[in-house]
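Quick note, the sequence shown lines up with residues -22 to -1, 1 to 474 if you use mature numbering (1 follows the signal peptide of the UniProt record, and there is no 0).
We treat Cβ as the ideally placed atom computed from N, Cα and C, and that holds for glycine.
Small disclaimer: the values here were computed from a predicted structure and weren't measured.
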Amino acid sequence: MRNVSTRMAAVAGLCCLLLATACTTDGSGTSDSKPDGGDSGPGIAESFDSRFTGNEEFCRPAADAPDEAPKATAPGITADEVVIANIRLKIEDLEKVGFAFDNGDQADQAQVFVDYINDKCGGINGRKLKLETIAQPVPGFGGDPEVEAQQTCTKVADELHAVVAFSYSGVGNPLASCLSGPKKTGFVTTYDLGKRDFAQADGRLFSVNHSPENILKYAALEMVDELKGKKVGVVYGDQDPNGQVVQEGLVATLEDEGVDVARVDALGCADGKCTEGLIPSVQGMRSDKVDVVFPLLDTINLPTYLREMVTQGFKPGDVQFVNSSFMAQDSELVTGKMVEFGGKEAGELYDGATIWSGSRAGEHRIDGFEPDPFVAMCNETYAANSTKVTKPYDQYEDEDNRRASSVASHCAGVRMLARAIEAAGANPTREDIYEVLGNFGKFDHGEGLPASFRPGKPTGPDAVVREKFSFPCKLKVSNAVGHCIEPVSDFLPLPD
C-alpha cells in the first residue's frame, strides 16, 4: 500500500496539473478593451478563411470539395482520417486524498466536439478526425510515473500514430517531453511548461498557459512601482527546476528593476514536504523586516509556511503576499486547501494576497457578469450533442462555472487542432501541421483570454490579470471553506 508521504507528494505535484482545467477559473472577460493577441501580424491559421471560427456556431459544413483528393501522407494521416489523442488526467484519483472535484466527463467533452466536426461539418478536407482517449493516472496514484508516461508515450506515438496529442485536463511532463522530443509528435497542453521543455521539442510542444518563468517575470514588472522602497522576501521549494525558474523569472527581474530583494530562501524538500530550513526562513523574514513576501510554494507547503508565520507572531497586515499561477496558486481549489490544511489563522494572514494569472477567477460572482460568448456557444453545443449532459452548465453557479470552463477548454482545443489541420493543406504532412501550430496566430482560448502562438512563442496567453485572495470572502460562494479569488483588473497587455 502507498504510504502517506507518497500520497502527499502526488498532491503536491498536482498543483502544476491544476493549471490545466477549468478548475483554474472561468475567465470570461466582458470589457471591450481586451488586448489583441500577438504583435507580428496574422498567423497562418489566423489568415485562413476557416469554417472553425466565430461564436455563433462551433463549425460550418464545407461548401466546396477539397482542392486535391485525400491521400495518405504520413503515419496517422490516411486518405480517410487524421488521428489525434486526448490524454485525460484521472482526476477521480484525487478523491483518495480529499481533492475530489467534478469537472464533468472530460473524455466526453472532447469526443462530442470531434464527433460534431465529423458528423455535422463534414470532417476536414475530406478526412474524419479519429480521436483516441487515454486515461493517465495522477502521479503517485498508479505505478511508477516515469514508466507510465513512457508507456503512454509509446502507445500514442508508435501504436496509434497520433499526429497531435493534447491534454486539457492537465497532463504534462514527463509525457510532454517524450512525445515532443524523441517521438517527434505534437503535444498541446494546459500544463505550465518551461523554456527547457520547449527548447528540446523543436517546435512540436505548446501550452495554452503562461510558462512559470514568464508569469513570475510579468508579476515582477507589473508591480515594480509598488515594490520600490520595500524589502522583498522570496521562498520556494528546492525541487528542480524551481531554482532556475524563480531566479530567472522573478529575482533577476526585480533586481534589474532596482527592487530590494532582501531575502531568497530555498526550502529543502523530501517526499513532497518542504520543511528543511522552514523555521529559519520565517525567522529571517521577521529579522530582515521584509514588507512583501512571494511564497512560491505548492498546496501542501504554503499552508505549512503560513502556519509557521502565525506561530512566530506574524499578524494580518504585517506583510503583503504576492503569488501567481506558478504552483497553481491562482486556483480556488488550491487556495482552499491552503486554508483547510493551514487553518483559519493562515487564511486570515494570507487574506488580501495579490495573485497574477492568465484568467479572471471568480468573475462570475461580480455584479454585471455576462458569460463570454465563446464559452456560451461551446456549452450550448455540448449540451445539445452529448448523451451525458442535457442542458448547458449554469455559469453563475460556482461548481457549474468550473464545469462550463472545462467544456470550453476542450471546445477551444479541438477547434484549434481542426483549424491547424485545415490550414495545413489538402494533403498535409505531420510537419505541415506543426508549422501551422507554431505560427498559428490568434486563437480562441476558452477562457476569454487573448491568446496566440507565434514563432518563438509556444505559450498562448497574450495578457495577464491581477487577482485578489479573500478569506473570508465577502462575495457569495458555495465552497465549504468560505474563501475566494476575484479579479481586480481586466486583461492587461503583457508588460515589456
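(message) Could you tell me the alpha carbon to alpha carbon distance between Q89 and P160, rounded to whole angstroms?
(response) 28 angstroms
(request) Taking only heavy atoms of the ligand NAD into account, decide whether any of them is closer than 7 angstroms to the Cβ of Q290. (result) The model on display carries no ligand, and the ligand NAD is accordingly not part of it.
(request) Can you grab the Cα-Cα spacing for the pair C462 / G325, in whole Å? (result) 11 angstroms
(request) Could you pull out every unbroken alpha helix (DSSP H) segment of at least 4 residues lying fully inside the stretch 250 to 311, listed in chain order? (result) 256 to 265 and 279 to 289
(message) Can you list, in chain order, the residues of its chain with a C-beta nearer than 7 angstroms to that of N405? Leave out the 5 residues immediately preceding and following it.
(response) E46, P48, K49 and T51
(message) On a Cα-Cα basis, can you pick out the residue from E323, P428, A458 and A43 that is closest to S337?
(response) P428
(request) Keeping to the same chain, check which residues put their C-beta closer than 6 angstroms to that of Q217; ignore five residues upstream and five downstream. (result) C247
(message) Quick check on L311: buried or exposed, where buried means 16 or more other Cβ atoms within 10 Å of its Cβ?
(response) buried
(request) Measure the alpha-carbon distance for L453 versus R380 and round it to whole angstroms. (result) 17 angstroms
(request) For G172, I'd like the list of residues in its chain whose CB is within less than 7 angstroms of its CB, leaving aside the five on either flank, ordered along the chain. (result) S189, P190, E191, P219 and V223
(message) Please tell me whether V212 and D238 are closer than 8 angstroms, where the distance is taken between their beta carbons.
(response) no
(message) According to DSSP, simplified to helix, strand and coil, what is G16?
(response) With a pLDDT of only 49 at G16, under the threshold of 50, the placement of this residue in the model should not be trusted; the figure read from the coordinates follows. G16: coil per DSSP, three-state reduction.
(request) Classify I65 as buried or exposed, calling it buried when 16 or more other Cβ atoms lie within 10 Å of its own Cβ. (result) buried
(request) Note down the Cα distance separating T282 from L415, rounded to an integer number of angstroms. (result) 41 angstroms
(request) Closer than 6 angstroms by C-beta to P53: which residues in its own chain qualify, once you throw out the five before and the five after it? Chain order, please. (result) H139
(message) Give me, in chain order, the residues of the same chain whose beta-carbon lies closer than 6 angstroms to that of A231; leave out the 5 immediate sequence neighbours on both sides.
(response) It should be pointed out that residue 231 corresponds to Thr in this sequence rather than to Ala. Excluding positions up to five away in sequence, the list reads K195 and A198.
(message) Rounded to the nearest angstrom, what separates A43 and R397 at their Cα positions?
(response) 17 angstroms
(message) Tell me the DSSP secondary structure of T8 in three-state form.
(response) Any reading at T8 must be qualified, since the residue scores a pLDDT of 35, below 50, and its modelled position is unreliable; the value itself is stated next. Three-state result, T8: coil.
(request) Taking only the alpha-carbon atoms, compute the straight-line gap between N301 and V149 and give it to the nearest angstrom. (result) 23 angstroms
(message) For the beta strand (DSSP E) containing C389, name the first residue and the last one.
(response) Counting along the chain, C389 falls outside any beta strand (DSSP E), though it belongs to the alpha helix (DSSP H) covering D376 to A401.
(request) Tell me where the alpha helix (DSSP H) around S335 begins and ends. (result) Per DSSP, S335 belongs to no alpha helix (DSSP H); it is in the beta strand (DSSP E), T332 to S335.
(message) Once DSSP output is grouped into helix, strand and coil, what is the label at I55?
(response) strand
(request) Keeping to the same chain, check which residues put their C-beta closer than 8 angstroms to that of residue 531; ignore five residues upstream and five downstream. (result) Residue 531 lies beyond the range of the chain shown here (-22 to 474); nothing can be said about it.
(message) Tell me the rounded alpha-carbon separation between P370 and G340.
(response) 19 angstroms
(request) Flag this pair as yes or no: are the beta carbons of G36 and T359 separated by less than 8 angstroms? (result) Note on identity: in this sequence residue 36 is Phe, with Gly being the wrong assignment. Cβ atoms of F36 and T359: closer than 8 angstroms.
(request) Could you check the C-alpha separation between V202 and E235 for me, to the nearest Å? (result) 7 angstroms
(request) Report yes or no: do three or more beta-carbon pairs, one from the stretch 246 to 262 and one from the stretch 126 to 143, lie closer than 8 angstroms? (result) no
(message) Give me, in chain order, the residues of the same chain whose beta-carbon lies closer than 7 angstroms to that of P294; leave out the 5 immediate sequence neighbours on both sides.
(response) E326, L327 and D329
(request) With distances taken Cα to Cα, identify the nearest neighbour of A390 among L205, G403 and P351. (result) P351
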